[in-house]
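Visitor:
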Amino acid sequence: MSAASPTAVQGAASPTGAAGTKQGLKLVLKVWRQGARGAPGQFETHELQNVSTDMSFLEMLDVLNEGLIREGKDPVAFEHDCREGICGSCGFVINGQAHGPQKETTVCQLHMRSFRSGETLVIEPFRATAFPILKDLVVDRSAFDRIVAAGGYVSVNTGSAPDANAILIPKDNAERAFDAAACIGCGACVAACPNGSAMLFVGAKVSHLAALPQGQSERDHRALDMVAAMDKEGFGDCSNHLECVASCPKGIAGTNIAQLNREFAKASLRSGSR
Amino acid sequence: MVPMVQDAGRSTRLDSKEPSGPIADRWSQHKFNLKLVAPANRRRFQVIVVGTGLAGASAAATLSELGYKVKALCIHGSPRRAHSIAAQGGINAAKNYQNDGDSVHRLFYDTVKGGDFRARESNVHRLAEISTQIIDQCVAQGVPFAREYGGTLANRSFGGAQVSRTFYARGQTGQQLLLGAYSAMMRQVGSGALDLLPDREMLDLVVVDGVARGVIVRHLRTGAIERHAADAVLLCTGGYGNVFYLSTNAKNSNVTASWRAHKRGAFFANPCFTQIHPTCIPVSGSYQSKLTLMSESLRNDGRVWVPKAKGDRRRADQIPDEDRDYYLERRYPSFGNLVPRDVASRAAKERCDAGFGVGETGMSVFLDFRDAIQRDGEATIRAKYGNLFQMYERITGEDPYKVPMRMYPAVHYTMGGLWVDYNLESTVPGLFVLGEANFSDHGANRLGASALMQGLADGYFVVPATIASHLAGRVLPKVTTDHPAFAEAEGAARAMTQRFLDLRGTRTVDSYHRELGLLMWDECGMARTREGLAKAKARIAELREAFWQDIRIPGDAENINQELEKAGRVADFLEFAELFAEDASVREESCGGHFREEYQTPEGEALRDDENFCHAAAWEFQGQGKPEARHVEPLTFEYVKLTQRSYK
Amino acid sequence: MSSVTSPNPPGALRKGPGIASALRPTSMRWILRFFGSSIGKKYVMAVTGLLLVGFLVAHLAGNLLLYADESGGKFKAYAEGLHDLGPLLWAAELGLIGLFGLHVFYALQTLRDNRAARQSRYAVSASRGAKTLASATMPITGAIVLLFVIVHLVHFRLDDAFKGDDPAGLVKSTLASPLAAAIYLVGVGALTLHLSHAIQSALQTLGASHPNFNPVREKLGLGLAVLLGLGFASFPVYALIAWGGGNS
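In structure tokens:
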């Protein structure tokens, strides 16, 4: 780990806060810097003073970047968009944990009140062979899209749908489907898995559609094709550590992995020579 | 920039192609009158879809299913990250499953009235008609809508609607609908029929012989500038709320695609029509990067209040009822806390400006669940709003089960956008504009749960039919990316990038964006005045000048460079903002989300001027630094009588 | 120009479908696909693993006969009964070797896949509490068990004395050595740790997972692992205490 010269950046002091004059946090950041895909990377150390506890983690990085740009340095690249925990763009590892220490929370929703003054935060990109690092904390997660393209859908052309209430779905099934469909595709499951496995992501999509009558006709194809696509992308195998479940910002359950196993086995048996 | 000139009166440049005849038959009659492209011929047409939110993904999927050759470009690493994903509340449809008197006509009526009579009747009726098919399509795709125990779809009343016509998937309806459209699109990608190009930002529209024939994009991960030729271009690039810097929009939402198309000839309509959502989490500090919306459904159970005494610093639970001013219930006894968004927002601003606001900054009002929790129990409230309460606690560190939420309005949606005719085609032939990016069917104010409806209506049902009017109706000679128009547009894009990199100034792009946003919020936000708008225009020009002298972009253009991306977007916002202010100052009336302080009723409500402003204003770019020309499309109301909105 | 249709990273990290490539008829293609897939491999490991657990239960039950009488007569009768099975015993043993071999083979395959899928490590490694010592050390405990099984076979199955008059005596004399007892304790310890994750994990892999059932599954797996561990560990411990503790 080669540390660059520490940079002191003045954080924006919070004008608000319940206590009125709150003292901000002093933090040491060790951030992974990597110029491009395949380039060697290293950690760079920065010190931040007076970080408001009301800031989100990404706003803290904004402040860091603002300072870096003013100093003529390259800002830390990280993906983000909605900043309300639903688009799945953001995601990196803080002190070894995908999306940081707070349960079921993306880094954009993680606020600095979760940290103590004086802490050192090691910030790294998601690491998995299937998610190549593109720059700093930005990784390529397009493997997920290719898996979905392999079968994560119901084949129904626009205009050919029956009346919505013609398909009755028991409330519990709809709820189960929703629980699985809540995945935001951020990739924290892969990042947290010691094997770099995508089973939770794939399991969630397969379970979502398997719980609904609309998903039945392609059920077998979906399981077979999505697993084949997943394997092709170079994700690891599941060892049931379930770190993925513990790291999922949306609380996707491990039962989805077991369901994927069942769906795949049943589909394989039924598939014959296909 | 020179002051802009006004060109009042009907413009010959704006042909709405609105059908005539009984309103309920217009869409089907129009579809019948449209030209068709035969199935075997469709593969000969290349269509480019820019943006993959609800409108873009649904259009790309559907056109691909129909057999057109489609290229979908998205600014994100994955189409699933488009900001449609963040819509919480729901999607309206005139299904009348609840048997509470809803109908296509009622949804049409509510939308026209809610939009304060500034939308085209024919478009709105079509939207209401199509709404029911959207739900069918989404259910068939596997969107897990909320259900009743019997297995039928559940509905709720939303945003003050007096019928239950809103379909929802917990507080994540936008996510589920987008994933539905995304999966339909990915199915086409998987079969090889659709070419999906992620990480592309549109930098220019290529117009050949007056027809949109392609785009210039930058690959955001390699920096490569690419040319893509097509027979039709669909812009589905969302709204421009981020001109305010702080909004509920995602950080990457921008006006660039629309603005650059505008500069190539697409008229921009009603830019001053912006929606301010009343219930957002207030700003906490200068570092604030965005605002988070709390679903409007919270107003079904939460009561909005401020202390009766100015500067009352007591904790909320120590302020007894007699010292609380439930100002919405007081001013609007029949709608109470459920008045439309623009009304609720202005009322909150009025209270805060008058010095009754709460919180450290005094710029928020309480949204209190105390009574609802007492009435229904905490468990019921948790079941209804659990995820929203949790989100609020994450952000503020306050527990809304114990202390009231603090809320303040924030920019949320933009009704203005590129002008389109009934076919959703802009003033540049071959350029279609869908979803929030067009000037849309919402008039001057959008009803809750109608944005998702419009995006999907445009993409699944309208454009797949109307695009044939262009493809089959015009002679489209073959154009390749070798055409000089591509070289010219690419050259301009490269020159702009180089100019940014050469600036080597002192300030960050964000610092200018923030300054612009603050200015827009103060002068072009919830309440506007002639003087304020004049001041804004002058200040925007100064800011733009400074921006082009003083920004600093680190790095180069050959790799991921997020500052470079932002620079292009903010440069466009700085031009667009001036048009926005101009539009707001010329529209000397108040309507929907556009509130001019000079034009209000004695009770402080918006006062329309139907005699002079019952029209859509569409602006024509006339050259860099030249005033824009204002064109007018008069709006006629045959089916919904022009009345003053009243929510008392 | 990169688009989603053309995968940019070279995805083919995995080699062929392993041993199943012996099967060629087209009607059997699903078998190739299944055993070559990530999930198929885990199925093989789960099924072979659970069958081996079944063997361990029987093995322990038989061994417990050592405690049945002082003379070791019951144990001898049990051993003779097994030997009398003749070819059947051979078949059973071949089956066991097959199970074990498959289990190890696929363990190596998945280990290779997983290494390839995660080539770089985090500077800070922190579990969120889901990963356990047992789950994190499966390859290590597995390797220890493999070595231990070899030692164990050399000690007993391959020692002709075991077919002699006093198999119980051989057990006692072997285990009475502190070194041997220590080896056995380490082996059984590794096995227990391995199983404490393996049993419930195998059931999850086979699809037995439901919110209501999961706590039971996890406790069942752990309980069975501990019972087997205690049972097997009792022999070296008992040997040290009761069967001498001195040299044989």
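Protein chains in written order, with the working numbering: chain A, 12 to 285; chain B, 4 to 651; chain C, 0 to 247. Glycine included, every Cβ here is placed at the ideal spot set by N, Cα and C.
1) Locate the alpha helix (DSSP H) running through residue 565 of chain B, then write down its first and last residues.
2) Specify, as a first and last residue, the run of the alpha helix (DSSP H) that residue 467 of chain B falls within.
3) According to a CB-to-CB cut-off of less than 9 Å, which residues of the region 111–125 of chain C neighbour chain A?
4) What would DSSP say about residue 155 of chain B, mapped onto helix, strand or coil?
5) Would residue 218 of chain A pass as an interface residue toward chain C - the criterion being a Cβ-Cβ separation below 8 Å?
6) Taking the beta carbon of residue 561 of chain B as the centre, do at least 16 other beta carbons fall within 10 Å, making it buried, or is it exposed?
7) Which class does residue 132 of chain B belong to by DSSP, given the choice of helix, strand or coil?
8) Would the beta-carbon of residue 293 of chain B fall within 8 Å of that of residue 352 of chain B?
9) Could you give the distance in angstroms between the alpha-carbon of residue 60 of chain B and the alpha-carbon of residue 624 of chain B?
10) Given a cut-off of 8 Å, decide if residue 640 of chain B and residue 120 of chain B are closer than it, judged by their beta-carbon atoms.
11) Determine whether the beta carbon atoms of residue 59 of chain A and residue 40 of chain A lie at a separation below 8 Å.
12) Please name the residues in the region 246–262 of chain A whose beta-carbon is closer than 7 Å to at least one beta-carbon of chain D, in chain order.
13) Could you compute how far the alpha carbon of residue 147 of chain C sits from the alpha carbon of residue 109 of chain A?
14) For residue 288 of chain B, which option in A:61, A:147, A:181 has the closest C-alpha, if you only look at C-alpha atoms?
15) Rounded to whole angstroms, how far is the Cβ of residue 67 of chain A from the Cβ of residue 34 of chain A, which I believe are closer than 8 Å?
16) Please list, in chain order, all residues of the same chain as residue 249 of chain C whose beta carbon is under 8 Å from its beta carbon, the five residues on each side excluded.
17) Tell me the DSSP secondary structure of residue 39 of chain A in three-state form.
18) Under DSSP, the beta strand (DSSP E) around residue 540 of chain B begins and ends at which residues?
19) So residue 562 of chain B contacts chain A; which residues on that side make the cut at Cβ distance below 7 Å?
20) Going by DSSP, what residue range makes up the alpha helix (DSSP H) through residue 73 of chain B?
21) Please report the residue range of the beta strand (DSSP E) in which residue 623 of chain B lies.
22) Give the range of the alpha helix (DSSP H) segment to which residue 235 of chain B is assigned.
23) Taking C-alpha atoms, which residue in B:424, B:49, B:419 lies nearest to residue 442 of chain B?
24) What does residue 139 of chain B reach in chain A if we use C-beta pairs closer than 7 Å?
25) Assign residue 65 of chain C to one of two classes, buried (16 or more other C-beta atoms within 10 Å of its C-beta) or exposed (fewer than that).
26) What is the residue span of the beta strand (DSSP E) that residue 410 of chain B lies within?
27) Check whether the region 230–240 of chain A and the region 144–162 of chain B are in contact - that is, three or more C-beta pairs closer than 8 Å.
28) Can you list, in chain order, the residues of its chain whose CB lies under 7 Å from that of residue 568 of chain B, leaving out five sequence neighbours each side?
29) What first and last residue would you give for the alpha helix (DSSP H) that runs through residue 524 of chain B?
30) Which residue wins for smallest C-alpha separation from residue 59 of chain C, given the options C:228, C:46, C:47?
31) Cβ closer than 8 Å: which chain B residues qualify as neighbours of residue 152 of chain A?
32) Determine whether the beta carbon atoms of residue 215 of chain B and residue 235 of chain B lie at a separation below 8 Å.
33) Taking buried to mean at least 16 other C-beta atoms within 10 Å of its own C-beta, is residue 649 of chain B buried or exposed?
34) Along the region 123–146 of chain A, where does the CB come closer than 8 Å to a CB of chain C? Name the residues.
35) Could you please give me the residues that DSSP links to residue 306 of chain B through a beta bridge?
36) Can you tell me where the alpha helix (DSSP H) holding residue 80 of chain A begins and where it ends?
Guide: On the basis of the coordinates in this document:
1) Residues 565–589.
2) Segment 466–474, the alpha helix (DSSP H) holding residue 467 of chain B.
3) Listed in sequence order: 112, 113, 114, 115, 116, 117, 118, 119, 120, 121, 122, 123, 124, 125.
4) When DSSP states are grouped into helix, strand and coil, residue 155 of chain B belongs to the coil group.
5) Not an interface residue.
6) With a threshold of 16 other beta carbon atoms within 10 Å, residue 561 of chain B falls short and is exposed.
7) Here residue 132 of chain B sits in helix by DSSP.
8) No.
9) In this model, residue 60 of chain B and residue 624 of chain B are separated by some 29 Å (Cα to Cα).
10) It is a contact, given that the beta carbons lie within the stated cut-off.
11) The Cβ atoms of residue 59 of chain A and residue 40 of chain A sit closer than 8 Å to each other.
12) Although the question refers to chain D, the structure presented lacks it and instead comprises the protein chains A, B and C.
13) Roughly 37 Å separates the two Cα atoms.
14) The option with the nearest alpha carbon to residue 288 of chain B is A:61.
15) Actually they do not touch by this definition, with Cβ atoms about 19 Å apart.
16) The structure shown does not extend to residue 249 of chain C, since chain C is modelled only from 0 to 247, so the question has no answer here.
17) DSSP places residue 39 of chain A within a strand segment (E or B) once states are collapsed to three.
18) Run containing residue 540 of chain B: none in the beta strand (DSSP E); it sits in the alpha helix (DSSP H), 533–553.
19) Per Cβ cutoff of 7 Å: 47, 146.
20) Element bounds for residue 73 of chain B: not the alpha helix (DSSP H) but the beta strand (DSSP E), 72–76.
21) Its beta strand (DSSP E) spans residues 618–623.
22) Annotation: residue 235 of chain B is outside any alpha helix (DSSP H); the continuous beta strand (DSSP E) that includes it extends over 235–238.
23) The candidate whose alpha carbon is nearest that of residue 442 of chain B is B:419.
24) Neighbours of residue 139 of chain B on chain A, chain order: 172, 173, 174, 175.
25) Of the residues assessed, residue 65 of chain C falls on the buried side of the cut-off, its CB having 16 or more other CB atoms within 10 angstroms.
26) For residue 410 of chain B, the enclosing beta strand (DSSP E) covers residues 408–417.
27) No contact exists between the region 230–240 of chain A and the region 144–162 of chain B.
28) Taken in chain order, the residues that qualify are 204, 223.
29) Start and end: 512–527.
30) Closest in alpha carbon position to residue 59 of chain C, among C:228, C:46, C:47, is C:228.
31) For residue 152 of chain A, the residues of chain B that pass the 8 Å Cβ criterion are 80, 81, in the order they occur in the chain.
32) Contact: yes.
33) Residue 649 of chain B comes out exposed.
34) Listed in sequence order: 133, 135, 138, 139, 140, 141, 143.
35) Among the bridge pairs identified by DSSP, residue 306 of chain B is matched with B:371.
36) Counting along the chain, the alpha helix (DSSP H) containing residue 80 of chain A begins and ends at 68–81.
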